[in-house]
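Chains as they are written, first to last, in my numbering: chain W, 32 to 374; chain F, 367 to 705; chain Y, 60 to 570.
First comes the structure, then the notes that go with it.
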Amino acid sequence: MRRLMAHRLFWPVAMLAVLLLINLIAFPGFFSVQIRDGHLFGSLIDILRNGSPTLMIAIGMTLVIATRGIDLSVGAICAISGAVACSIILGSSDPGNPGTVAVAVIAAIAISLVLGVWNGFLVSVLGIQPIIATLILMTAGRGVAMLITEGQILTVNSPPFKVLGSGFFAGLPVSVLIAAALFLFAVVLTRRTALGLMIEAVGINPEASRLAGVRSRGLLISVYVFTAFCAAIAGLVLTSNQTAADANNTGLFIELDAILAVVIGGTSLAGGRYSLFGTLIGALVIQTLVTTVYTVGIPPIATMVFKAAVVTAVCLLQSPRTTELIDSWHRRAQLRRTLEASA
Amino acid sequence: MTVLAPAPRPAETPSRLGQVRNWLTNPKYGPVIVTAVLLVGMLVAGAFRYRGFTNPQVIANLFIDNAYLLVLAVGMTFVILTGGIDLSVGAVLAMSTMITASLLQSGWSPGVIIPLVLVLTSFLGLLVGLMIHYFQIQPFIATLAAMFLARGLCYVISNTTISIVDPVFVALAQTRIPILPRLSITPSVIIAIFVVAAAVFVLHYTRLGRTVYAIGGSEQSGVLMGLPVARTKVLVYVISGFCSGLAGVLYSFYTLSGYALTAIGTELDAIAAVVIGGTLLTGGYGFVLGSVLGVLVLGTIQTLITFDGNLTSWWTRIFIGALLLVFIILQKVLTARRV
Amino acid sequence: MTEPQPAVSMEDITITFPGVKALDAVSFRMFPGEVHSLMGENGAGKSTLIKALTGVYRIDSGVITLGGEQVSFSGTADAQEAGISTVYQEVNLLTNLTVAENIMLGREPRRFGAIDWRATRKRAVELLERLHLDIDPNSRLGSHSLAVQQLIAIARATDFNARVLILDEPTSSLDADEVQELFRIIRELKADGVAILFVSHFLDQVYEISDRLTVLRNGALVGEYLTDEILRIELVQKMIGKELTVLDALERKTKAQTVDEDELVPYIRALGLSRKGSIEPIDLEVYEGEVVGLAGLLGSGRTELARILSGVDRADAGTLTVAGSSARFRTPRQAIHERVVYSSENRRSEGILDELTVRDNIALALQADRGWFRPIPKKRQNELAESYIQALNIRPANPDALLKHLSGGNQQKVLLARWLAIAPRLLILDEPTRGIDVGAKAEIQKLVSNLAENGMSVVYISAELEEVLRLSHRIAVMRDRRMVADIDNDDLITDDLLAIIADGAETEVVA
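Below, the structure written as structure tokens:
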């Protein structure tokens with residue numbers, strides 16, 4: 032039991048289990064999954080589908096945080112990516128043509144990659160603290176998105192584009208499949224190559240890594256570029272789901288949810304060892320929390336209070352000070368036992 | 367004649383030039399001077415380009431429209447001077463407007479509500495400060511939790527707009543205090559100026575203020591010099607909480623309503639104002655008056671864009687982002703020169 | 060015999076950190092109007108003792124008396140109040156504030172609740188004048204050199220009406236003139252009856268300024284001496300100590316086994332290598348299969364030289380030739396690619412990755428050299444880990460153990476494995492046996508001998524002269540950032556090295 036509790040994924044999984052249990056008791060139909068028109072439907076599928084954009088961004092964020100960084104600009108990149116795609120689709124003569132949508136998607140991703148290079152440049156070449164470097168794009172990014180959409184909410188009516196956010200493939204929502212593919216890609220990319228090792232090394236001790244010959248500059252840029260890539264895809268899914276690009280609200284606060292998912296998943300904000308699987312669980316915890324609160328009948332936005340409670344609890348649990356307090360308490364208890372035994 | 371070397375210039379000219387260069391390359395004054403020049407430049411450019419910009423009321427309106435932001439920026443200045451950051455200020459401001467509006471609706475007296483709101487937000491700041499100092503949680507994440515909490519509480523109070531009809535609030539919102547013919551300000555401006563003055567006093571004439579700068583310079587040195595680092599570090603978040611609460615009250619004077627989604631992203635404006643005002647994000651350098659300049663720069667950008675009519679309002683964000691970039695790089699360059 | 064009352068006396072002070080006795084019943088005293096030097100090598104307990112005296116650390120047992128009264132400090136502020144001021148090696152002032160602010164911070168005179176800036180500045184000027192320092196009180200501290208900052212720190216320290224002034228390595232970043240300026244001030248304070256605790260690794264300075272010495276070694280008191288009554292060589296001996304261990308069983312390599320120098324080019328040759336504020340120009344050659352020992356006290360330049368040779372720090376001047384062709388290492392990465400590796404003395408901050416496994420730690424440098432897109436296959440990684448765990452006897456013998464759970468000696472072996480995995484031609488080991496148990500130490504020393512026998516060049520740095528003598532074919536001695544001797548290890552004994560370290564007696568240079 033102790034061994035199990037010491038496992039880094041114990042608390043996130045336990046949290047998820049408790050949330051699901053609450054739902055099971057409160058709503059007996061929660062776990063039922065039906066097949067309608069060959070598609071799967073049910074609360075669980077909703078959780079997966081609604082949580083997929085957060086998960087996509089959290090995947091990139093996990094790697095950034097593992098290098099001791101953070102990326103606040105992902106929400107703005109979502110907005111820009113959605114805006115680029117929608118304005119291209121709207122500008123074309125044939126919005127329903129898959130070719131048009133492909134061009135739009137590729138353009139959106141390409142622009143986001145440039146933004147990722149920009150973030151990485153500020154962090155690794157100019158040496159600006161990540162939180163500050165990405166704050167710039169966080170501030171300006173939504174303005175840029177507005178510029179692209181010319182201040183309008185761009186509603187698109189393009190069946191191929193709509194598939195990204197609300198389509199189904201093989202019975203499952205396309206967005207869930209995309210998130211799964213991205214997740215697998217990240218796992219394979221970092222764990223089948225030595226990228227993961229390098230990222231963790233730089234995050235744990237940049238100086239020791241330098242002495243061991245690790246080249247951190249290119250590594251940092253790639254990580255920010257990958258996060259921007261994740262954000263671009265999440266932005267496309269969100270935009271497609273709403274069938275509209277809204278420069279103000281697409282991906283609003285999603286950076287915070289993504290960071291939260293990473294933290295809940297057991298990756299420390301201090302950098303170093305990361306767990307993509309933990310992040311997956313973290314994203315599910317958040318989305319289940321939101322869904323639960325919603326089904327209970329509390330206004331959805333009040334979930335922020337619960338998120339605050341979760342993030343505080345997780346941080347306090349992770350704090351070195353807490354470990355110290357628990358340790359000293361343990362020691363004192365032990366001492367008392369020995370004293371009692373000897374008395 | 368051409369053979370002759372130019373006559374030696376009077377000695378003070380190069381030294382004065384040198385003096386100017388010294389100021390500009392000094393991380394303490396450089397950014398503030400740049401900001402001041404920028405502000406004057408923008409105002410002069412505005413005066414040349416747009417009719418009606420020369421009206422002194424334009425300047426007064428800068429203060430009227432941004433009184434709440436001034437107060438937020440003051441609190442943020444304290445936090446950033448210690449090397450921290452407070453992401454919760456926008457949400458706490460919104461929470462403050464919500465509490466004020468809903469309590470007024472239930473018939474409480476403004477004389478009770480305002481102190482109560484200030485105590486509550488200061489208390490929230492205290493909790494954040496304790497988390498940051500005693501549990502060594504990064505300011506970023508601790509204030510993020512506070513932001514979630516405050517924003518969530520807004521919705522718990524109400525998810526619709528609550529209008530304020532209390533006569534005292536309405537009076538405070540609508541009163542115009544003439545200071546010159548054709549020039550007037552609001553009571554909020556006076557409160558904001560008072561807060562700024564108090565902050566200047568605290569930062570420059572009390573040991574608390576000096577400790578704030580010391581923590582930003584080097585927390586470890588501060589401890590070794592025997593300064594009350596722990597207490598001060600917690601206190602800056604209390605001050606920021608207080609300022610956010612007060613800014614919320616001023617904001618409810620300004621809008622005469624409480625709304626849960628209000629002031630989203632205001633924390634970014636406050637941070638931008640402080641940075642543009644010359645406070646180093648790593649702490650230790652900066653002035654409250656610089657932050658005032660920063661707020662005025664942001665306000666002027668907004669005003670210029672309004673006057674222009676061709677530029678759309680989203681340019682504001684882009685301009686602010688660009689300015690942030692310029693000032694962050696400027697800070698980087700100036701601190702890198704420091705030995 | 061009647062002695063004046065000590066300004067400070069510490070009796071039987073013991074401080075224990077988890078697993079380590081940092082101070083073991085150490086006694087220490089200082090008299091008013093005396094300069095007292097605290098001597099000892101790394102890990103001797105100097106800084107622990109100072110931190111106990113200034114209230115940074117709580118003492119586990121023992122008594123501190125100040126002017127005859129027993130005291131107990133709960134923080135630096137307490138100690139300052141009681142008249143104990145400290146000036147640290149890295150000047151602990153605030154570069155973002157002015158000189159006057161720094162001197163007066165926390166004690167600014169106030170009027171009506173507000174800081175009276177005029178009085179503050181006046182007081183600061185008085186303090187500066189008392190030390191005959193002509194410094195603009197309104198200038199920013201960061202605009203002054205480190206030396207001046209140091210003097211300002213002393214000015215601040217003396218305003219506490221200090222009875223005891225602690226100067227921890229105050230001279231490490233000063234040049235000769237600046238040191239004299241500092242000594243002038245120390246003498247003035249001494250004349251005022253202040254008891255001054257002086258810590259420096261420069262023996263000349265210690266002999267010039269101090270009246271009394273206390274030597275610590277491995278957290279224990281070696282003894283208290285009057286400076287006039289102890290020879291340098293005795294002092295160095297007491298600091299370094301003699302080691303009586305099982306290690307003597309290890310056979311000593313002599314020059315007979317090295318190859319004939321005339322026939323071979325050295326594997327690495329440095330000519331006039333220097334770096335400002337770090338080392339003066341140095342020439343050094345290391346041949347294949349040769350172990351060159353670098354001896355010298357802490358701060359003598361031994362580590363600095365190693366860092367420059369391996370690209371960790373960049374040289375300002377001089378040339379480096381590796382395997383016959385000229386090399387310029389600007390990063391450790393480049394040096395590693397040429398198979399020149401440096402194992403840092405700071406195992407914790409510059410070596411291990413404590414959150415990673417033994418396997419990952421071993422593979423890191425090799426992997427970094429290959430690039431991330433050419434991963435070492437899992438099977439090969441395991442073989443690598445298993446083979447080094449066996450060869451170096453790493454315990455626990457589990458490639459998946461996190462490094463933070465290993466003992467210091469085993470962490471050091473993992474680091475060695477990391478470097479050996481890339482098949483180095485020149486291995487620079489900086490204090491590889493510091494702070495590890497005797498068994499591991501013997502194993503590491505044996506390994507170094509074997510590696511050299513198989514043709515690897517090794518530069519071996521250690522504060523323990525026996526160790527250097529036992530392993531090296533040739534010994535280069537560093538002193539005050541210069542190389543003062545480069546001698547073959549023919550029947551050398553520790554006393555020979557001690558003499559060179561203490562006096563820089565270049566007459567003894569053999570080769």
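Just so it is clear, CB atoms sit at the ideal spot from N, CA and C, and this is done for glycine as well.
Given the structure is predicted, the values throughout are model-derived calculations rather than measurements.
Thinking just about the alpha-carbon of each residue, which of the options is nearest to the one in residue i?
i	options	result
ALA141(W)	THR170(W), ILE111(W), ALA333(W)	ILE111(W)
VAL399(Y)	THR416(Y), LYS335(Y), LEU479(Y)	LEU479(Y)
LEU251(W)	VAL219(W), LEU213(W), GLY302(W)	GLY302(W)
ALA476(Y)	ASP227(Y), ILE421(Y), ARG170(Y)	ILE421(Y)
LEU438(F)	SER554(F), ILE465(F), TYR521(F)	SER554(F)
ILE268(Y)	THR286(Y), ASN277(Y), VAL253(Y), VAL527(Y)	THR286(Y)
GLU512(Y)	ARG484(Y), ASN457(Y), ARG429(Y)	ARG484(Y)
GLY575(F)	ILE430(F), LYS599(F), ALA558(F)	LYS599(F)
GLU237(Y)	ALA250(Y), MET98(Y), GLN209(Y), VAL223(Y)	GLN209(Y)
SER131(Y)	LEU112(Y), TYR147(Y), SER516(Y)	LEU112(Y)
SER247(W)	ALA289(W), GLY328(W), MET229(W)	MET229(W)
THR443(F)	GLY631(F), CYS609(F), LEU677(F)	CYS609(F)
Indicate whether residue i and residue j have their beta-carbon atoms separated by less than 8 Å.
i	j	result
ILE684(F)	VAL175(W)	yes
ILE255(Y)	VAL94(Y)	yes
ASN81(W)	THR323(W)	no
SER606(F)	GLY491(F)	yes
LEU168(W)	ILE159(W)	no
PRO422(F)	LEU612(F)	no
LEU524(Y)	ILE299(Y)	yes
ILE559(Y)	ALA544(Y)	yes
ASP459(Y)	SER402(Y)	no
ILE637(F)	LEU157(W)	no
State the CB to CB distance for the pair residue i and residue j, rounded to an integer number of angstroms; the pair is presumed to be in contact (CB under 8 Å).
i	j	result
ASN155(Y)	GLY127(Y)	So it is not a contact: roughly 41 Å between Cβ atoms.
LEU300(W)	ALA210(W)	23 Å between Cβ atoms; not a contact.
ILE453(Y)	LYS472(Y)	5 Å
ALA433(F)	LEU616(F)	5 Å
ASP77(W)	MET92(W)	Their Cβ separation, rounded to whole angstroms, is 23 Å, which puts ASP77(W) and MET92(W) out of contact at 8 Å.
SER618(F)	THR466(F)	5 Å
Alpha helix (DSSP H) containing residue i: first to last residue?
i	result
GLN393(Y)	391-396
LEU242(W)	237-242
PHE337(W)	334-349
GLY198(W)	Where GLY198(W) is concerned, there is no enclosing alpha helix (DSSP H), given that its DSSP letter is neither H nor E.
VAL562(F)	553-571
SER106(Y)	105-112
GLN65(W)	Per DSSP, GLN65(W) belongs to no alpha helix (DSSP H); it is in the beta strand (DSSP E), 65-67.
ILE285(W)	285-295
ARG415(F)	396-415
LEU519(F)	505-523
Which stretch, first to last residue, makes up the beta strand (DSSP E) that contains residue i?
i	result
HIS95(Y)	94-98
GLU293(Y)	Careful: GLU293(Y) lies outside any beta strand (DSSP E), inside the alpha helix (DSSP H) at 291-299.
HIS70(W)	70-72
ASP545(Y)	541-547
Checklist entry - Does the pairing of the stretch 465-484 of chain F with the stretch 635-654 of chain F give three or more beta-carbon distances under 8 Å? => result No: the two stretches stay apart, fewer than three of their Cβ pairs being nearer than 8 Å.
Checklist entry - Touch check for the stretch 268-281 of chain W and the stretch 170-190 of chain W: three-plus C-beta pairs under 8 Å? => result The stretch 268-281 of chain W vs the stretch 170-190 of chain W: in contact.
Next on the checklist: Under 8 Å, with one C-beta from each stretch per pair, do the stretch 199-207 of chain W and the stretch 374-389 of chain Y reach the 3-pair mark?
Outcome noted: No: the two stretches stay apart, fewer than three of their Cβ pairs being nearer than 8 Å.
Next on the checklist: Three Cβ pairs or more, each shorter than 8 Å: is that satisfied between the stretch 81-91 of chain Y and the stretch 104-118 of chain Y?
Outcome noted: Yes, the stretch 81-91 of chain Y is in contact with the stretch 104-118 of chain Y.
Checklist entry - Contact between the stretch 118-133 of chain W and the stretch 190-198 of chain W: three or more CB pairs below 8 Å? => result Cβ pair count under 8 Å is three or more, so yes.
Next on the checklist: Could you check whether the stretch 399-406 of chain F touches the stretch 523-537 of chain F, counting it as contact only if at least three pairs of C-beta atoms, one from each stretch, sit closer than 8 Å?
Outcome noted: Contact between the stretch 399-406 of chain F and the stretch 523-537 of chain F is absent: fewer than 3 CB-CB pairs across the two stretches fall below 8 Å.
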